[in-house]
Amino acid sequence: MGIKTLGICMVIAGFGMWGLLGARRQDKRVQQLKNLRMAIGFLEKEIFYMQTPLSLAMSRAGQFCDYTVSGLFKECAGNLEKKSGITGYEAWQSGLEKLKQESELKPIDLELLKSVGPQLGVSDRAEQQKFFTLIHEELKLLEETAYREAEAGRKIWSYGGFILGAAIVILLL
Amino acid sequence: MTGDKELVKRQILPYLSLPVKNIILQLNERFFNSLEEIRLRSGQPLVMKIGDKDYAVNLNGELVKSLENVYVVTSEDIYRTIASISDNSLYAFEEEIRRGFITVPGGHRAGLAGQVVVEGSQVRTIKEFSGICLRIAREVKNCAGSVISNVIPGGSRILNTLIISPPRCGKTTFLRDITRIISSSGQRNVVVVDERSEIAGCYRGIPQLDVGPRTDVLDACPKALGMIMAVRALSPQVIVTDEVGRIEDAEAILECINAGVAVITSVHAGSLRELSRRPVMNKLLEQNIFQLGIVLSRGKGPGTVEELIRWD
Numbered sequence: 001m002g003i004k005t006l007g008i009c010m011v012i013a014g015f016g017m018w019g020l021l022g023a024r025r026q027d028k029r030v031q032q033l034k035n036l037r038m039a040i041g042f043l044e045k046e047i048f049y050m051q052t053p054l055s056l057a058m059s060r061a062g063q064f065c066d067y068t069v070s071g072l073f074k075e076c077a078g079n080l081e082k083k084s085g086i087t088g089y090e091a092w093q094s095g096l097e098k099l100k101q102e103s104e105l106k107p108i109d110l111e112l113l114k115s116v117g118p119q120l121g122v123s124d125r126a127e128q129q130k131f132f133t134l135i136h137e138e139l140k141l142l143e144e145t146a147y148r149e150a151e152a153g154r155k156i157w158s159y160g161g162f163i164l165g166a167a168i169v170i171l172l173l
Numbered sequence: 174m175t176g177d178k179e180l181v182k183r184q185i186l187p188y189l190s191l192p193v194k195n196i197i198l199q200l201n202e203r204f205f206n207s208l209e210e211i212r213l214r215s216g217q218p219l220v221m222k223i224g225d226k227d228y229a230v231n232l233n234g235e236l237v238k239s240l241e242n243v244y245v246v247t248s249e250d251i252y253r254t255i256a257s258i259s260d261n262s263l264y265a266f267e268e269e270i271r272r273g274f275i276t277v278p279g280g281h282r283a284g285l286a287g288q289v290v291v292e293g294s295q296v297r298t299i300k301e302f303s304g305i306c307l308r309i310a311r312e313v314k315n316c317a318g319s320v321i322s323n324v325i326p327g328g329s330r331i332l333n334t335l336i337i338s339p340p341r342c343g344k345t346t347f348l349r350d351i352t353r354i355i356s357s358s359g360q361r362n363v364v365v366v367d368e369r370s371e372i373a374g375c376y377r378g379i380p381q382l383d384v385g386p387r388t389d390v391l392d393a394c395p396k397a398l399g400m401i402m403a404v405r406a407l408s409p410q411v412i413v414t415d416e417v418g419r420i421e422d423a424e425a426i427l428e429c430i431n432a433g434v435a436v437i438t439s440v441h442a443g444s445l446r447e448l449s450r451r452p453v454m455n456k457l458l459e460q461n462i463f464q465l466g467i468v469l470s471r472g473k474g475p476g477t478v479e480e481l482i483r484w485d
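Protein sequence lines, in the order shown, are assigned to chains H and L.
With this note's numbering, letter number 6 in the first sequence gets 6, and the count goes up by one each step, no holes.
With this note's numbering, letter number 15 in the second sequence gets 188, and the count goes up by one each step, no holes.
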């Protein structure tokens with residue numbers, strides 16, 4: 001009887017934990033999108049007002065944001081600093097690969113970020129600013145959508161895990 | 174020769190796309206000595222100016238004069254070269270792009286061709302790049318050594334000097350060497366007003382070519398404006414500038430000379446006769462503004478002194 005009770009508790013706790021982690025992942029995605037938006041805003045200012053070379057601007061943007069999204073900028077800066085003939089687009093792509101592994105971002109978020117690469121550093125300040133403003137706006141929209149999804153999904157994920165665990169226990173019994 | 178290959182390898186090749194870089198690396202060392210320009214035009218043969226002649230590179234990596242069956246530059250080559258030259262930061266070179274070229278470390282110049290965006294009557298930028306002309310800057314120290322005693326007769330007074338030369342006869346190299354010699358010898362302050370960044374080859378304001386220890390450079394500064402600024406702010410004994418010819422240049426030269434500052438400058442012309450057909454320059458000559466004229470040609474290679482003219 002004791003072992004059976006322990007098993008029931010473990011199944012419910014396991015699924016519950018899975019649900020809680022799911023809810024946390026959604027919150028993290030919102031936070032990461034916000035951090036990315038702020039870092040891109042910082043990058044835009046470095047480019048528009050300071051005319052900082054791209055590698056240095058990336059490195060500074062990387063220092064400015066939190067660990068998960070800083071990998072994108074630091075990886076990109078590191079590749080550009082090597083001056084091995086790599087273009088801004090290629091450096092950004094390699095940064096995105098790193099971000100994909102370390103973040104909770106969805107494919108739709110990564111697709112938007114992919115569109116940044118071909119424009120990096122290839123035009124004058126005014127054009128760069130226009131582009132960054134656009135990306136900033138689109139990231140904000142994604143962030144709002146992610147926030148709504150996280151709000152709606154938080155309870156489902158949080159309680160859903162425990163409920164699913166309980167349902168499985170009932171079925172097994 | 175090895176020195177020239179090293180120079181190209183260190184200061185030019187890192188900016189080129191991999192295929193173009195590999196082609197140039199394969200070239201025989203003797204060509205590097207006279208390599209003057211590398212021209213990349215999208216969809217057109219890769220052309221290198223070696224001495225007086227243009228060469229393309231055939232599919233075996235050999236230099237040929239014919240433009241048939243040779244390496245053709247791709248838009249990818251142009252894109253990668255521009256990205257490297259600008260450090261992936263074209264926005265940081267707006268002023269340079271407006272002027273039509275970017276100077277890279279070492280003082281070498283990358284002339285740009287593409288779609289020019291005009292705002293009012295001013296060039297705003299160039300985009301959709303289609304061509305790059307990499308011009309290799311070389312210092313030829315002491316190339317002006319043979320005429321310096323004419324520029325500073327007796328070693329004290331510096332004569333107002335006009336270097337007369339058709340394009341590509343080495344007048345900028347000559348002018349740079351005169352600047353270096355004057356700046357290195359004696360206690361004279363020299364100001365170079367380098368409108369097209371050719372004399373000192375400044376990169377981010379720092380001269381990349383030797384213009385001497387007592388030389389200040391007003392880089393990318395319009396000549397007439399720069400000469401007046403220099404007289405007011407930098408107390409020069411000598412002002413050096415390149416390719417004068419406009420009315421405002423002539424007025425600024427007069428201002429400087431009347432302020433007791435010697436002017437050494439250059440002008441495009443094949444001979445004195447050609448020069449006198451240019452109204453602005455003819456007026457200056459009639460007023461005996463210049464005391465010494467140095468006519469250059471390519472007779473025995475760039476920088477050949479054809480004639481020395483004394484007007485004083």
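Even glycine gets a Cβ: it sits at the ideal position worked out from N, Cα and C.
If you follow the alpha helix (DSSP H) that residue i is part of, which residue opens it and which one closes it?
i, result
"residue 76/H", "67–81"
"residue 137/H", "125–172"
"residue 244/L", "Note, residue 244/L: premise wrong, no alpha helix (DSSP H); not H, not E."
"residue 254/L", "248–258"
"residue 430/L", "420–431"
"residue 282/L", "Note, residue 282/L: premise wrong, no alpha helix (DSSP H); beta strand (DSSP E) at 281–292."
"residue 1/H", "No alpha helix (DSSP H) contains residue 1/H, which DSSP labels as neither H nor E."
"residue 88/H", "88–102"
Whole angstroms is fine: what's the gap from residue i's alpha carbon to residue j's?
i, j, result
"residue 220/L", "residue 423/L", "38 Å"
"residue 405/L", "residue 333/L", "19 Å"
"residue 398/L", "residue 87/H", "38 Å"
"residue 236/L", "residue 201/L", "9 Å"
"residue 98/H", "residue 52/H", "24 Å"
"residue 212/L", "residue 184/L", "16 Å"
"residue 182/L", "residue 428/L", "44 Å"
"residue 112/H", "residue 118/H", "12 Å"
"residue 340/L", "residue 475/L", "10 Å"
"residue 83/H", "residue 319/L", "42 Å"
"residue 46/H", "residue 266/L", "14 Å"
"residue 330/L", "residue 269/L", "37 Å"
"residue 93/H", "residue 135/H", "16 Å"
"residue 79/H", "residue 61/H", "15 Å"
"residue 295/L", "residue 471/L", "35 Å"
"residue 482/L", "residue 226/L", "31 Å"
"residue 160/H", "residue 1/H", "27 Å"
"residue 95/H", "residue 81/H", "13 Å"
Excluding the five sequence neighbours on either side, which residues of its own chain have a C-beta within less than 6 Å of the C-beta of residue i, listed in chain order?
i, result
"residue 58/H", "73, 76, 77"
"residue 353/L", "383, 384, 385"
"residue 282/L", "274, 276, 308"
"residue 286/L", "303, 304"
Only counting the same chain, and skipping five residues up and downstream in sequence, which positions put a Cβ closer than 8 Å to that of residue i?
i, result
"residue 154/H", "23, 26, 27"
With distances taken from CA atoms, which of the options is nearest residue i?
i, options, result
"residue 109/H", "81/H, 1/H, 34/H, 15/H", "34/H"
"residue 186/L", "237/L, 307/L, 252/L", "307/L"
"residue 122/H", "398/L, 313/L, 253/L", "253/L"
"residue 420/L", "291/L, 395/L, 340/L", "395/L"
"residue 232/L", "209/L, 224/L, 199/L, 249/L", "199/L"
"residue 150/H", "163/H, 31/H, 133/H", "31/H"
"residue 366/L", "472/L, 412/L, 455/L, 304/L", "412/L"
"residue 336/L", "319/L, 393/L, 440/L, 247/L", "440/L"
"residue 317/L", "285/L, 479/L, 351/L", "351/L"
"residue 447/L", "437/L, 458/L, 362/L", "458/L"
"residue 338/L", "381/L, 479/L, 192/L, 483/L", "479/L"
"residue 444/L", "387/L, 455/L, 345/L", "455/L"
"residue 156/H", "16/H, 114/H, 131/H", "16/H"
Following the continuous beta strand (DSSP E) through residue i, name the residue where it begins and the one where it ends.
i, result
"residue 228/L", "226–230"
"residue 274/L", "274–277"
"residue 57/H", "Unbroken run through residue 57/H is the alpha helix (DSSP H), 54–64; no beta strand (DSSP E)."
"residue 160/L", "The question about residue 160/L has no answer, for chain L in this structure spans 174 to 485."
"residue 266/L", "Run containing residue 266/L: none; DSSP gives neither H nor E here."
Less than 7 Å between C-beta atoms, sequence neighbours within five positions excluded: which residues of the same chain meet that for residue i?
i, result
"residue 432/L", "404"
"residue 64/H", "39, 42"
"residue 453/L", "418, 419, 420, 423"
"residue 194/L", "186"
"residue 347/L", "316, 317, 336, 469, 476"
"residue 138/H", "112"
"residue 361/L", "355, 387, 410, 411"
Is residue i near the ligand MN - that is, is its Cβ less than 7 Å away from at least one heavy atom of it?
i, result
"residue 219/L", "Because no ligand of any kind appears in the structure shown, any question about the ligand MN cannot be addressed here."
query: How do the region 176–193 of chain L and the region 205–212 of chain L stand: do at least 3 beta-carbon pairs fall below 8 Å, yes or no?
result: yes
message: Assess contact between the region 54–70 of chain H and the region 239–248 of chain L, defined as three or more Cβ pairs (one per stretch) separated by less than 8 Å. Is contact present?
response: no
- request: Check whether the region 459–477 of chain L touches the region 313–332 of chain L, counting contact only when three or more Cβ pairs, one atom from each stretch, lie closer than 8 Å.
  value: The region 459–477 of chain L makes contact with the region 313–332 of chain L: 3 or more CB pairs, one atom from each, lie closer than 8 Å.
- request: Mind the definition here: the region 267–278 of chain L touches the region 364–378 of chain L only if three or more C-beta pairs lie below 8 Å; say whether that holds.
  value: Three or more pairs of CB atoms, one per stretch, sit closer than 8 Å, so the region 267–278 of chain L contacts the region 364–378 of chain L.
query: Is the region 142–153 of chain H close to the region 32–50 of chain H, with three or more CB pairs under 8 Å?
result: The answer is yes - the region 32–50 of chain H touches the region 142–153 of chain H, with three or more Cβ pairs under 8 Å.
- request: Say whether the region 257–271 of chain L touches the region 337–357 of chain L, bearing in mind that this needs 3 or more beta-carbon pairs closer than 8 Å, one atom from each stretch.
  value: no
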